[in-house]
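In the UniProt record's numbering, the protein residues as written are 1 to 235. See structure below.
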């Protein structure tokens, strides 16, 4: 059975009475797996995406298609592009590195403060609507070395919102859920396959050409590695 045909096994409309969760959702492989995991965990998710002046909008297009498939509420927050400078994902003058996976230096695809801001929006929305969990697809194994994907960052941020929110001060803080934190890409692909993630609908490339993945950026190489090692086709 293909991954897309299995998506019907994931509950959607019937979850309206389930506890709420916010899922930070880009439309890529990792965040889509998180969205499906949230549903599997018994939550009624709201997908939260961001338009932060990315060079391309392929991930957002994927996000819209996937949330429509799942009939999941989807919010896209547009952010002022002046807040996201110094990254090859947002500035045309900075080239996305190719075939550089494994280098020790943090690549220029790192967007300063991105997860801090995304989580802050997610926390605000979650606390406002009474959501119990906030899902984010950060990973500390097969990733490009971004400091805001590390478990110590997530722990520190969790401590901050426990102290700095009403729900936290009342003893029932919002839980930041990171189901992919200690999985490699192979394990993420295997989990996604088990959950019925429609892989062909997801988009991960940093620098697509004509809407197609470049196949050479870190994200493309990590994705390819995961599918090859899992022995699962992307389509």
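All C-beta atoms, glycine included, are put in the ideal place defined by N, C-alpha and C.
Going by the beta-carbon positions, is the gap between residue 154 and residue 178 smaller than 8 Å?
yes
Determine the direct distance from the alpha carbon of residue 183 to that of residue 224, and round the result to whole angstroms.
15 Å
With distances taken Cα to Cα, identify the nearest neighbour of residue 131 among 229, 28, 38.
Comparing Cα-Cα distances from residue 131 to each of 229, 28, 38, the minimum goes to 38.
If I follow the unbroken alpha helix (DSSP H) through residue 129, where does it start and stop?
114 to 129
Measure the C-alpha to C-alpha separation of residue 120 and residue 145 and round it to an integer number of angstroms.
21 Å
I'd like to check one pair, residue 35 with residue 45: are the Cβ atoms closer than 8 Å?
yes
Can you check the stretch 14 to 59 for any beta strand (DSSP E) of at least 3 residues that lies completely inside it and give the ranges in chain order?
Segments of the beta strand (DSSP E) lying fully in the stretch 14 to 59: 20 to 24, 44 to 51.
For residue 180, does the three-state DSSP call read helix, strand or coil?
coil
Use the C-beta contact count for residue 210: other C-beta atoms within 10 angstroms, 16 or more gives buried, fewer gives exposed.
exposed
For residue 200, is the classification buried or exposed, using 16 other Cβ atoms within 10 angstroms of its Cβ as the cut-off for buried?
exposed
Where does residue 228 sit, in a helix, a strand or coil, going by DSSP?
helix
Got a sec? Which residues, its chain only, sit under 6 Å from residue 73 by beta carbon, not counting five neighbours each side?
46
According to the neighbour-count rule (16 or more other Cβ atoms, all chains shown, within 10 Å of its Cβ), is residue 147 buried or exposed?
exposed
Grab me the residues of residue 207's own chain with a C-beta within less than 6 Å of its C-beta, minus the 5 sequence neighbours each way, in chain order.
96, 214, 217
Which of helix, strand or coil does DSSP assign to residue 136?
coil
For residue 166, collect the residues of the same chain with a Cβ closer than 8 Å to its Cβ; drop the 5 residues on either side in sequence, then sort them by chain order.
127
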